[in-house]
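So the protein sequences, as listed, match chains W and D.
Mapping of the first sequence onto my numbering: position 73 corresponds to residue 73, and the numbering continues sequentially without gaps.
Mapping of the second sequence onto my numbering: position 83 corresponds to residue 1083, and the numbering continues sequentially without gaps.
There are 2 protein chains.
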Amino acid sequence: MEQFCAQGFHATSMRDIAGGAGMTVASIYHHFSSKQRILEEIMVSSLRDSVTSTRAAVLDAGSSATAQLRALVASWVGLHIGRQPEALIGASELRGLDESGRTAVDTLRREQARIFYGVVEHGVRTGEFRTAFPRECARGIAAMGAAVASWYEDDGTLSRDEVIERMVQLSLDAAGVEPDATN
Amino acid sequence: MEQFCAQGFHATSMRDIAGGAGMTVASIYHHFSSKQRILEEIMVSSLRDSVTSTRAAVLDAGSSATAQLRALVASWVGLHIGRQPEALIGASELRGLDESGRTAVDTLRREQARIFYGVVEHGVRTGEFRTAFPRECARGIAAMGAAVASWYEDDGTLSRDEVIERMVQLSLDAAGVEPDATN
């Protein structure tokens, strides 16, 4: 991950990766048949973690859509804080994947999007969320939270928990939760 | 732009670029001293357009922060619709720039961020926006709008203007504008 972030996937050799990991090139090839497989493993495992964690957070939150959205955004933003490397690689190296790698990534991204949409749609159905545009709202909330990876480190004034709480509050506002219901 | 999108900056040669443009390699070098300069020109000119257009939209909108935010988001989302190539290159090829290119891009990105923050902060001051977190709100609104570039084409069911109107509404919700003030 360090090598891909510093130089980009294309410019990184298996030798660089082996060197950075303190391994021989042969032993890297023992675990991964190609550089593409390493990239795929990084992207797929980080997406899989995120689908698993955010889904669990929603399921643990009870039946209130407001509580579910709180839990979902807290989990999502928590995962993106300190995950600059995965975020950078995920945003910039999709072209490095082959067909099967792209399919795996797309499937997981759609699964992640459905978790957001499911919660927003649930809140609209129960009347907890006033938003007239649940699809765009779900996408917007996911985008706001993911963008935290691009600014969190620059801005050393807030703790992890403070950032999470602010993003939760913003997301509730974007969903159109009544202000008195959010506290 | 086509070549960088299809193959990535690293894998594209000046010969590919010349071929795609129906020019000779020599005439490309007459305009750009290196491939990096072409990348820089793509990124800087698209950021400059966006700073100029969004600033003009805000200044034309009168003194109401709600009207300013509407105009800003409409301009921002309009720029991101159908700009998948610039968005993809901007997100993935920053590593291809040299020091001076990065500085130019960072300066423009900060200028763009200040436009968003200025409008949100103005609305908080006038009491039009209830958000308790103007910085995160400004960043979140920018991120939601920019993400439209990643999904607009997939989703052929909405017109450009419908998407813009939905993103405007979502942004007003995120800023905490009273629902009756937004119509």
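We put the beta carbon where it would ideally sit given N, CA and C, even for glycine.
Since the structure is predicted, the reported quantities are computational estimates derived from the model, not experimental observations.
Can you list, in chain order, the residues of its chain with a C-beta nearer than 8 Å to that of residue i? Leave out the 5 residues immediately preceding and following it.
| i | result |
| --- | --- |
| D:Ser-1046 | Arg-1083, Glu-1086, Gly-1090 |
| W:Ala-142 | Trp-76, Gln-112, Ala-113, Phe-116 |
| W:Ala-186 | Past the boundaries of the shown model lies residue 186 of chain W; chain W is included only from 1 to 183, so the question cannot be answered. |
| D:Val-1029 | The sequence shown places Tyr at residue 1029 of chain D, not Val. Met-1014. |
| W:Asp-60 | Ala-71 |
| D:Gly-1020 | Glu-1002, Gln-1003 |
| W:Arg-95 | none |
| W:Gly-22 | none |
Beta-carbon within less than 6 Å of residue i's beta-carbon, same chain only, minus the 5 sequence neighbours each way: which residues are those?
| i | result |
| --- | --- |
| W:Ala-138 | Phe-116, Tyr-117, Val-120 |
| W:Ala-104 | Val-44 |
| W:Ala-146 | His-80 |
| D:His-1122 | Ala-1065 |
| W:Asn-183 | Interpretation of W:Asn-183 is limited by its pLDDT of 46, a score under 50 that renders its predicted location unreliable; the figure taken from the coordinates is listed afterwards. So no residue of the chain qualifies. |
What are the start and end residues of the alpha helix (DSSP H) that includes residue i?
| i | result |
| --- | --- |
| W:Gly-20 | 14-21 |
| D:Phe-1129 | Element bounds for D:Phe-1129: n/a, residue is neither H nor E. |
| D:Met-1043 | 1035-1059 |
| D:Met-1167 | 1160-1175 |
| W:Glu-86 | 84-92 |
| W:Thr-66 | 65-80 |
| W:His-31 | 25-31 |
| W:Glu-2 | 2-7 |
| W:Ala-149 | 148-151 |
Given that a residue counts as buried once 16 or more other Cβ atoms are within 10 Å of its Cβ, and exposed if not, what is residue i?
| i | result |
| --- | --- |
| D:His-1031 | exposed |
| W:Gly-8 | buried |
| W:Glu-2 | exposed |
| D:Gly-1176 | buried |
| D:Glu-997 | Residue 997 of chain D lies beyond the range of chain D shown here (1001 to 1183); nothing can be said about it. |
| D:Ser-1092 | buried |
| W:Ser-171 | buried |
| W:Ser-27 | exposed |
| W:Glu-99 | exposed |
Taking the C-alpha atoms as reference points, what is the distance between residue i and residue j?
| i | j | result |
| --- | --- | --- |
| W:Ala-6 | W:Met-144 | 25 Å |
| D:Arg-1102 | D:Lys-1035 | 15 Å |
| W:Ile-42 | W:Leu-97 | 11 Å |
| W:Val-58 | D:Val-1163 | 28 Å |
| D:Val-1148 | W:Asp-106 | 17 Å |
| D:Gly-1127 | W:Leu-108 | 41 Å |
| W:Ala-11 | W:Ser-63 | 48 Å |
| D:Thr-1054 | D:Ala-1071 | 8 Å |
| W:Tyr-152 | W:Ser-159 | 9 Å |
| W:Arg-48 | W:Ser-150 | 21 Å |
| D:Arg-1110 | W:Ser-33 | 42 Å |
| D:Glu-1040 | W:Gly-156 | 29 Å |
| W:Ala-67 | W:Glu-165 | 13 Å |
| W:Ile-38 | W:Ala-56 | 27 Å |
| D:Gln-1169 | W:Thr-52 | 31 Å |
| D:Phe-1129 | W:Ser-50 | 32 Å |
| W:Leu-69 | D:Leu-1088 | 29 Å |
| D:Asp-1161 | W:Asp-16 | 48 Å |
Please return the same chain residues whose Cβ sits closer than 7 Å to the Cβ of residue i, not counting the five positions on each side in sequence.
| i | result |
| --- | --- |
| W:Val-124 | Thr-131, Pro-134 |
| D:Thr-1024 | Ala-1018 |
| W:Met-167 | Val-73, Val-77, Met-144, Gly-145, Val-148 |
Is there a Cβ of chain C sitting closer than 7 Å to that of residue i, yes or no?
| i | result |
| --- | --- |
| W:Pro-134 | No chain C is present in this structure, whose protein chains are W and D. |
task = Using a Cβ-Cβ cut-off of less than 7 Å, give me the residues of the region 1145-1178 of chain D that come near chain W, in sequence order.
result = Ala-1147, Trp-1151, Arg-1166, Met-1167, Gln-1169, Leu-1170, Asp-1173, Ala-1174, Gly-1176
query = Using Cβ-Cβ distances below 7 Å, what residues of the region 82-97 of chain W are close to chain D?
reply = Ala-91, Ser-92, Arg-95
key: Residues of the region 4-16 of chain W with Cβ closer than 8 Å to any Cβ of chain D, in chain order   = Gln-7, Gly-8, His-10, Ala-11
ask   = Mind listing which residues of the region 1125-1143 of chain D have their C-beta closer than 9 Å to chain W's C-betas, in chain order?
value = Arg-1130, Thr-1131, Ala-1132, Phe-1133, Arg-1135, Glu-1136, Cys-1137, Arg-1139, Gly-1140, Ile-1141, Ala-1142, Ala-1143
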